[in-house]
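Down below is the structure, laid out as structure tokens.
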């Protein structure tokens, strides 16, 4: 969950967090159940977005990450950053660097963050009051082969479809 607020016409700030928890069954070496133990993860941090010049946006966030596995706890710091540029009306280029940060250590094992670099492009095609967005990106992970993704999204305004009669009467 998160919340953002504009600080002025060109800068917005936010705060986001998440918490996940579960439990698992503890077993001895023979596989006999010995009760349960807790598992949890959290992330919490501020973010900032800037529009320094027309058609160019920057954003970033820093996060404190924490995990618990039974009695063991581990923490890390992570940074996310991105940029979006619109050289033409309805056309966007973007890039992001995600999960760049410190590793976490559980017991004797180090766990490295899944650092991810993305480059993408999108076109937004207006159709009357509606629009269709078609996008693609290349995603490069620190521990995996690059992937290429394609997608599309449509936005349909239901204003003319749901309006029944009069200026303020709508179907529910």
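Numbering (this note's numbering), first residue to last: 2 to 173.
We put the CB at the ideal spot given by N, CA and C, even for glycine.
Just so you know, these numbers come straight off a predicted model, no measurement behind them.
Quick check: what's the CA-CA separation for residue i versus residue j?
i: residue 42; j: residue 128; result: 43 Å
i: residue 118; j: residue 80; result: 12 Å
i: residue 65; j: residue 83; result: 18 Å
i: residue 52; j: residue 58; result: 5 Å
i: residue 107; j: residue 73; result: 7 Å
i: residue 68; j: residue 33; result: 26 Å
i: residue 130; j: residue 102; result: 43 Å
i: residue 55; j: residue 136; result: 22 Å
i: residue 158; j: residue 88; result: 27 Å
i: residue 154; j: residue 9; result: 30 Å
i: residue 5; j: residue 11; result: 13 Å
i: residue 91; j: residue 156; result: 14 Å
i: residue 151; j: residue 112; result: 30 Å
i: residue 144; j: residue 109; result: 21 Å
i: residue 1; j: residue 25; result: A query on residue 1 cannot be resolved here, the shown segment of the chain reaching from 2 to 173 and no further.
i: residue 23; j: residue 95; result: 36 Å
i: residue 146; j: residue 78; result: 25 Å
i: residue 98; j: residue 132; result: 28 Å
Do residue i and residue j have their CB atoms nearer than 8 Å?
i: residue 189; j: residue 134; result: The structure shown does not extend to residue 189, since the chain spans only 2 to 173, so no value can be given for it.
i: residue 86; j: residue 105; result: no
i: residue 142; j: residue 123; result: no
i: residue 38; j: residue 27; result: yes
Any idea what DSSP makes of residue i, helix, strand or coil?
i: residue 54; result: strand
i: residue 33; result: coil
i: residue 115; result: coil
i: residue 139; result: strand
i: residue 154; result: strand
i: residue 81; result: strand
i: residue 65; result: strand
i: residue 93; result: strand
i: residue 110; result: strand
i: residue 173; result: Any reading at residue 173 is ruled out, since the residue's pLDDT is 45, under 50, leaving its predicted position unreliable.
i: residue 125; result: strand
Below 8 Å on the Cβ atoms is my guess for residue i versus residue j; work out the distance and round it to an integer in Å.
i: residue 126; j: residue 138; result: Between residue 138 and residue 126 the Cβ distance is about 18 Å, and since that is not below 8 Å, they are no contact.
i: residue 49; j: residue 61; result: 6 Å
i: residue 47; j: residue 2; result: Going by Cβ atoms, the distance from residue 47 to residue 2 rounds to 14 Å, so no, they are not a contact pair.
* Indicate whether the contact test is met: 3 or more Cβ pairs, each with one atom in the segment 42–52 and one in the segment 7–26, closer than 8 Å. => yes
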